[in-house]
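**Student:** In the working numbering, the protein residues as written are 1 to 446.
All residues carry an ideal CB built from backbone N, CA and C; glycine is no exception.
Please read all numbers here as calculations on a predicted model, not as lab measurements.
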Amino acid sequence: MNNNHNQHLAGQNNLAIGQAGRRELLAWALFDFANSGYTTVVLTTIFSTYFVGVVAGDMPGSATLLWSLSIGIANFTVMLSGPVIGAIADDRAGKKRFLLISTLGCIVSTALLALVGPGDVLPAMLLVTVSAIMFASGENLIAAFLPEIVPEQNMGRMSGYGWSLGYFGGLLTLGICLAYITWAKRQGLPETESVPVTMLITAGIFALAAMPTFLWLRERAVPSVQDLHLSVLTISFRRLAHTFQEAARFRDLFRFLITLGVYQSGVSTVVVLAAIYAQEVMGFDTQALIILIMVVNVTAAVGAFICGHLQDRIGSVPTLAITLLIWIAAVMAALFASQSVHMWIVGNMIGLAMGASQAVGRALVSKFSPSERSGEFLGLWGVMNRLSAIAGPLSYGLINYWSGGNHRLSLVSTLLFFIAGLLLLARVNEQRGKAAALDAGVTMSK
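#1: My guess is that F33 and A209 are in contact by the Cβ rule of under 8 angstroms, so how many angstroms apart are they, rounded?
#2: Quick one: Cα of I328 to Cα of V222, how far?
#3: Between the C-alpha atoms of M1 and G308, what's the straight-line distance to the nearest angstrom?
#4: Which residues in the same chain as N385 place their Cβ atom closer than 7 angstroms to its Cβ, once the five residues preceding and following it in sequence are excluded?
#5: Using 8 angstroms as the threshold, is the C-beta distance between A124 and V130 below it?
#6: For a test of the three-state rule: what should DSSP assign to G392, helix, strand or coil?
#7: Going straight from the alpha carbon of G433 to that of V121, what length do you get?
#8: Thinking C-alpha only, which one of V41, T39, V295 and L66 is nearest V52?
#9: From R408, L289, I314 and F145, pick the residue whose C-alpha is nearest to that of G379; which is it?
#10: Residue range of the alpha helix (DSSP H) that E193 falls in?
#11: Looking at the secondary structure, which residues open and close the alpha helix (DSSP H) in which D120 lies?
#12: Considering only the alpha carbon of each residue, which of V195, L438, A27 and L215 lies closest to I149?
#13: Residues in its own chain within less than 8 angstroms of F368 by CB, not counting five upstream and five downstream?
#14: Just list the beta strand (DSSP E) runs in the segment 69-149, keeping only unbroken ones of 3 residues or longer that don't cross its boundaries, in chain order.
#15: Given this structure, state the Cα-to-Cα distance separating S49 from V55, to the nearest angstrom.
#16: When the Cα atoms are used, what is the spatial distance from P147 to K185?
#17: Buried or exposed: which applies to G283, given that a residue is buried once 16 or more other Cβ atoms fall within 10 Å of its Cβ?
#18: Any idea if S102 is buried or exposed, counting beta-carbon neighbours within 10 angstroms, 16 or more meaning buried?
#19: Do L127 and L99 come within 8 angstroms of each other at the CB atom, strictly closer than that value?
#20: According to DSSP, is M59 part of a helix, a strand, or is it coil?
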């Protein structure tokens, strides 16, 4: 009886794959728009500099280290928890439920940052760590819906639409926050009063823009009815153990995850340290840096949109190879840049490559994932993203420390990540990887 019931449920699930309408697809993509303001405002620009300069301003030698430690703890936590949460979500058909929890967690902890002031180092570190964990967990979970809502041949462009909307969402949120800060300065309000308000703005935009996702996006997965006497943690670890035992079956998925971990280490380094490079090496001031970041968001949106379509035409692996070549050219140009105009050119190249590589990476893992195990496999995608967020910036920082602050020498490590990623990509067979995912889905439905 249970076997027949499972077959019926699996059949229903398979029939639902790729049947999402335009409203539901927009709801999925709008989540990228909603959460991008958090990374742009909190992690990259306004709050990160506020933490270093004001919250931990009395600890100038340790402020940057404490900020990096908070982000590092968050990345490490998600690296361990991502696949487990994904496996539980798959087993209990709870991706949307977990997504709601992570979204509310990020919104609330971001809003609570408005209460942080000078000297509140530990509360700030705690809230930043929690918000970053919730944000990254949400990224994994929203990505796990992709194999359910569109057929394989459209995953590239759908992922591209999401990333493209995301960059515009980050740009819009940053623009509103900067407009408020500018107005507050004219009113004579100090930074300790204006910056906290931007945390409320960011949290509010996240909450409003994410509402369509929870109103319209459907949970197509069905809960497993097997091993009801076991705890969800036991089931999730068993599923993960089974996945790693099947590494040979999904060898292209695992090869690509390693490839992604390598080249994404370069991407993570650029995201975290490009502004520092522009400031320390090229002499950019704060205003020029903010304008550069806003311009890069626009070109990244364009890159994600174009490559989303391109990978559905020529394949994800060839598109990613083109993207990595652009990354290599951009980093080499930065190494030899001597004037500020060169950095503007490099910044736009980076933006184009950044949006493209992130959209392609998510789509390719989705193509290699059986829809019934998308949460688990996209959790592994999140693991590699978090690992790269630790390894890339750390390698840059260590080389910079050992070389006595030589940023150009440190950038060489970033270049090597992209070159190594391109070489590893040559071992990934896209058609074989998609066939393995399809075969696994058919097997699970029997």
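**Tutor:** Taking the structure as given:
#1: 5 angstroms
#2: 43 angstroms
#3: Reliability of the predicted coordinates at M1 is poor, the pLDDT of 38 falling under 50, and no value is obtained from them.
#4: Q264
#5: no
#6: helix
#7: 47 angstroms
#8: L66
#9: F145
#10: E191 to W216
#11: Premise fails: D120 is in no alpha helix (DSSP H) and is neither H nor E.
#12: A27
#13: F250, D252, L253, F256, F377, G433, K434, A436 and A437
#14: none
#15: Sequence inspection shows Thr at residue 49; the Ser mentioned does not correspond to that position. Between T49 and V55, the C-alpha separation is close to 9 angstroms.
#16: 47 angstroms
#17: exposed
#18: buried
#19: no
#20: coil
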